[in-house]
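Participant: Numbering (full-length UniProt numbering), first residue to last: 1 to 135.
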Amino acid sequence: MYLLIHTHILLFSEESSPGPSGEKYGLKYINRKGGTVLLYAGYQFTKKCTYKSGAIVWECHLRKKTKCTGTITIRQNQILKETSHSCTPDFDKNLLECYMDKCKKKIVSSYEPAISDFNAKYHKILKKLEKLEGE
Ligand SMILES: [Zn+2]
């Protein structure tokens, strides 16, 4: 339950503070299989490393599959460096990924009433138990 609420808060805070410059570049971050995937220009990237300067190097997610060496270096949503890809960008796939991610976020959001409902019931039961113990 804690995890679910925590995830919800994370997603919410991410939505309420979109990076304006990141959007300008069309940088999109989605959550997949517990990790963050960066969508940009039809390519998908996974985090490779973070420099001391705070710059993050993202590498093409097809690196292992097709040995694509495309990378992108980003600091505070600003693209510092890009290296070219040997793979083909797939804009439709990235659009679909964005859509799926939005759907997932909606599903998480819809859990919220369920959580408060659960909490209300839980407190009622607790009070009843306390009463029983007092008698
Ligand atoms: Zn690539």
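C-beta: ideal position from N, C-alpha, C; glycine also.
Nothing here was measured: the structure is a model prediction, and the numbers come from that model.
1. Along the alpha helix (DSSP H) that carries N77, what are the first and last residues, could you check?
2. Using the rule of at least 16 other Cβ atoms within 10 Å of the residue's Cβ for burial, across every protein chain shown, is I72 buried or exposed?
3. Among the candidates H61, Y51, A55, V57, whose CA atom is the shortest distance from the CA of F45?
4. For L27, verify whether its CB is less than 6 Å away from any heavy atom of ligand 1.
5. Residues in its own chain within less than 7 Å of E82 by CB, not counting five upstream and five downstream?
Facilitator: So, from the data block:
1. As a first step, residue 77 is located in the sequence shown; it is residue number 77 there, counting from the start. Taken as a continuous stretch (DSSP letters only), N77 belongs to no alpha helix (DSSP H), as it is neither H nor E.
2. On the sequence shown, residue 72 is found 72 positions in, with the first residue counted as 1. Classification of I72: buried, given that the 10 Å Cβ count is 16 or more.
3. By one-based count along the sequence shown, residue 45 stands at place 45. Nearest option by C-alpha distance: H61.
4. Walking along the sequence shown from the start, residue 27 turns up at place 27. No; taking the cut-off as 6 Å, the Cβ of L27 has no heavy atom of ligand 1 nearer than that.
5. Position 82 of the sequence shown, counted from the start, is the residue given in the question as residue 82. Cβ neighbours of E82 beyond the five flanking positions: I72.
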